[in-house]
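Residue numbers (UniProt numbering): 1 to 63. Read the structure below first, then the notes.
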Amino acid sequence: MEGIVTQALSNGLFRVELENGFLVLSHLSGKIRRNRIKIIVGDRVKVELSAYDLTRGRIIYRM
Numbered sequence: 001m002e003g004i005v006t007q008a009l010s011n012g013l014f015r016v017e018l019e020n021g022f023l024v025l026s027h028l029s030g031k032i033r034r035n036r037i038k039i040i041v042g043d044r045v046k047v048e049l050s051a052y053d054l055t056r057g058r059i060i061y062r063m
């Protein structure tokens with residue numbers, strides 16, 4: 001799903017507001033960490049949601 005980063009937390013965690021209005025706590029994927037892509041508040045990102053907990057996800061792409 002796509003969303004907008006609303007808050008930057010510590011240790012690579014971000015609060016992301018999805019298109020449908022839900023807030024998700026997301027961490028960075030390994031590919032984003034490895035390529036040192038910076039994520040700041042206001043960025044549009046693609047988030048992969050956890051199948052077990054829909055309030056958590058992984059940022060996989062920065063648009």
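Ideal placement from N, C-alpha and C gives every residue a C-beta, glycine not left out.
Practice task
From the DSSP output, in three-state form, read off residue 4 for me.
Solution key: strand
Handout entry: Buried versus exposed, by CB contacts within 10 Å (16 or more), residue 59
Key = buried
Practice task
Figure out for me which residue from 46, 50, 54 has the closest Cα to the Cα of residue 61.
Solution key: 46
Exercise for the section: Mind checking who residue 14 pairs with in its DSSP beta bridge? Expected result: 8, 26
Practice task
Assign residue 10 to one of two classes, buried (16 or more other C-beta atoms within 10 Å of its C-beta) or exposed (fewer than that).
Solution key: exposed
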